[in-house]
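Below is one structure, written out as structure tokens, with a few remarks after it.
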Ligand code: DC
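Numbering (this note's numbering), first residue to last: 246 to 462.
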């Protein structure tokens, strides 16, 4: 059996998608495409420019004017590394808001498909297996309880020096779940044929063990 060319990982916020994507990239030599980082960078840039996030045209024009690049797990916005600025809970919500606009999604999808050309890629997001790469050979859907997902995000944010409460993080996760599942364009759902993994109470090694025979047969 051949190794998959494209691996997609979808699921709600805090399910462990980026941890798994980075691990797959490192162990099996895949290029990591962090689609959420692009929406985060757009949300962050729009906020700095004082743009009305509900106005599709305004957000689209702002997004179009940006030079966005994914490099070695970093996000470059007009040449500046904003990886740390876009990891706040606020940037997550901003991302969710700009991501509901179809024109913005189209722009990002084109960029991601272009980046993926000629590479073995692992991509994480909300619509990676349903819309961006429906042809992907391996589609994974990661999930976990909202409480577990909030606990992980809380620990990560605290370790990075952010002053947040667990309740605040849980509220933000639930709000984003709602926005991501209910939106009209490319809502979060399980892709057809996806391998569904519930990571509640599981570590990254447990998940990788399930995947080794599929990725490296
Ligand atoms: O994966 P993340 O937490 O970095 O994503 C931030 C937000 O961006 C998420 O709440 C919804 C949006 N997003 C999306 O709509 N489609 C994607 N492929 C990735 C992220």
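We treat Cβ as the ideally placed atom computed from N, Cα and C, and that holds for glycine.
- Collapsing the DSSP output to three states places residue 384 in a strand.
- Of the candidates 247, 395 and 266, the residue whose Cα lies closest to the Cα of residue 450 is 266.
- Of the candidates 257, 347 and 327, 347 places its Cα closest to the Cα of residue 429.
- Placement of the Cβ of residue 341 at a distance of less than 7 Å from at least one heavy atom of the ligand DC is found.
- When the Cα atoms are used, residue 359 and residue 325 turn out to be separated by approximately 21 Å.
- Counting C-beta atoms within 10 angstroms of its own C-beta, residue 462 has fewer than 16 neighbours from the protein chains shown and is therefore classed as exposed.
- The secondary-structure analysis by DSSP pairs residue 443 across a beta bridge with 388.
- The beta carbons of residue 418 and residue 268 sit no closer together than 8 Å.
- For residue 363, the number of other beta carbons within 10 angstroms of its own is below 16, and it is reported as exposed.
- Shortest Cα-Cα distance from residue 280 to any of 263, 292 and 271 involves 263.
- Taken in chain order, the whole alpha helix (DSSP H) runs of length 4 or more contained in the region 303–352 are 334–343.
- The alpha-carbon of residue 282 is positioned some 8 Å away from that of residue 328.
- Shown here, residue 425 sits in a helix according to DSSP, grouped into three states.
- Within a 10 Å sphere around the beta-carbon of residue 385 sit 16 or more other beta-carbons, which makes this residue buried.
- Secondary structure of residue 251 (DSSP, three-state): strand.
- In the DSSP assignment, the residues bridged to residue 277 are 367.
- At least one heavy atom of the ligand DC lies less than 7 Å from the C-beta of residue 280.
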